[in-house]
Amino acid sequence: MGFLSAIPAGLYAFALRIRHLLYDSRIIKRYRSDIPVVCVGNITVGGTGKTPVTEYLIEKLGRDYTVAVLSRGYGRRTKGYLEVGANASFLDVGDEPKLIKRNHPSTVVAVCEKRAEGIARIRSEHPEVNLILLDDGFQHRRVEPKVNIVLMDYTRPIWEDHLLPWGNLRDLPSQMHRANIVMVTKTPPDITPIDRRIAVKSLKLFPYQSVVFTSMVQGVPVPLFPDAEGLVKPGRNAALLAGIGNPRPLAAYLAERYDLKAEWLFRDHYVYKVRDLRRIADELASLPEDTVIVTTGKDAVKLCNRKKVPAELQRRLYRIPVGVAFTDDDEKRFLRLLSENIVSRE
């Protein structure tokens, strides 16, 4: 299987090299906005924590800028430019943009598969915006951002991975040279200095690039529906329901804090069907009566329809908030580097 996957991976690598050559030689022209564009991306398929990082940047940069977020809106059933409204369906705008808008209702959030067109529309319709966060745009070379923040999951290092379909890389590791800042996410909070140095060395970055380390911080699960009980205390029976890129760190966290009885895992951006939820309700009946179902924020925006979710699940569903925490003194350094890159003339 590995050998068979290596052949299309090699062809994919060749196509990527040609594509990057066309952009690097400026045969294909790139769009640069008149306001700063900060790109949050990665070179792997899903699961690096882009959405929590994007939300962190909204909060931090929002102190000095009027921020807008532009995303492709992966998995949506619509095309073209759409602004995400408070009542927009995730089917029309994508689950991650819907989540960001729900958590940051005063922030302009838009989706457009053509990023340059999307930036131009935001500039035209929202002249007050003076900084745009480009969600998952690192591999889309059409736009030339002011700052590239590239994320790497500590539990899935790129130096141990391969290009699709052999592995999970969707771009060449050599393209990491375009990153201004590399953020290693999902780092163990107790990472040792030697493990930090090993990771930095393995990335093989250039002197002009910086590396920071972050961990995912889980909050207290909160009810998804009013019918659910109050707080979920440590040690309680729990189950995980998730359709995200890399659910293993979350599953490990829940197993440490609660008595994890079951896991229902689906592919990233999965749209739950009524039959899926009925099956889960049937399986839940065989678990202890006090078992709660913990899901992610991204999944929660797809599970809030009372008509779709069985009543027995509504009483048990909880959403777990996720945030970003920096290790050591990396946060101050990160914010300083980010500010310097945004205001730089180059």
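Numbering (the working numbering), first residue to last: 622 to 967.
The C-beta atom is built at its ideal place from N, Cα and C for all residues, glycine as well.
From the DSSP output, in three-state form, read off residue i for me.
| i | result |
| --- | --- |
| Lys722 | helix |
| Glu738 | helix |
| Ser836 | strand |
| Leu785 | coil |
| Asn751 | coil |
| Thr672 | helix |
| Pro847 | coil |
| Ile865 | coil |
| Glu952 | helix |
| Ala873 | helix |
| Val666 | coil |
| Ala1002 | Nothing in the structure corresponds to residue 1002, since the chain is present only between 622 and 967. |
| Phe887 | coil |
| Leu905 | helix |
| Val764 | strand |
Using the rule of at least 16 other Cβ atoms within 10 Å of the residue's Cβ for burial, across every protein chain shown, is residue i buried or exposed?
| i | result |
| --- | --- |
| His890 | buried |
| Thr813 | exposed |
| Val658 | buried |
| Gly856 | exposed |
| Ile649 | exposed |
| Ser727 | exposed |
| Lys822 | exposed |
| Asp811 | exposed |
| Lys621 | Residue 621 falls outside the range modelled here, since the chain spans only 622 to 967, and no answer is possible. |
On the DSSP bridge list, what partners appear for residue i?
| i | result |
| --- | --- |
| Asn769 | Cys660 |
| Ser831 | Ile802 |
| Tyr633 | DSSP lists no partner for Tyr633. |
| Tyr775 | Per DSSP, none; premise fails for Tyr775. |
| Asp880 | Asn858 |
| Arg940 | Val843, Thr916 |
| Ala946 | Ser836 |
| Glu704 | Ala731 |
| Asp756 | Val661 |
| Leu691 | Ala731, Leu755 |
| Leu790 | Thr665, Leu784 |
Rounded to the nearest angstrom, how far is the Cβ of residue i from that of residue j, given a contact under 8 Å?
| i | j | result |
| --- | --- | --- |
| Val764 | Ala737 | 5 Å |
| Ala849 | Lys882 | The Cβ separation is near 17 Å, so there is no contact. |
| Ile721 | Gly840 | Not really, about 17 Å apart at Cβ, beyond 8 Å. |
| Pro718 | Gly694 | 6 Å |
| Asp816 | Leu862 | Going by Cβ atoms, the distance from Asp816 to Leu862 rounds to 32 Å, so no, they are not a contact pair. |
| Phe827 | Leu938 | Actually they are not in contact, since the Cβ atoms of Phe827 and Leu938 sit about 46 Å apart, beyond 8 Å. |
| Leu754 | Leu642 | About 28 Å; that fails the 8 Å criterion. |
| Leu790 | His783 | 6 Å |
| Val666 | Leu959 | The Cβ separation is near 26 Å, so there is no contact. |
| Val771 | Met797 | 6 Å |
Next on the checklist: Closer than 8 Å is the cut-off here; do at least three beta carbon pairs connect the stretch 742-750 with the stretch 689-699?
Outcome noted: yes
Item to check | Three-pair Cβ contact test at 8 Å for the stretch 829-837 versus the stretch 929-946 | outcome: yes
Next on the checklist: Under 8 Å, with one C-beta from each stretch per pair, do the stretch 694-706 and the stretch 793-810 reach the 3-pair mark?
Outcome noted: no
Checklist entry - Okay, do the stretch 697-706 and the stretch 659-667 touch, 3+ Cβ pairs below 8 Å being the bar? => result no
Checklist entry - Taking contact to mean at least 3 C-beta pairs separated by less than 8 Å, is the stretch 641-656 in contact with the stretch 775-783? => result no
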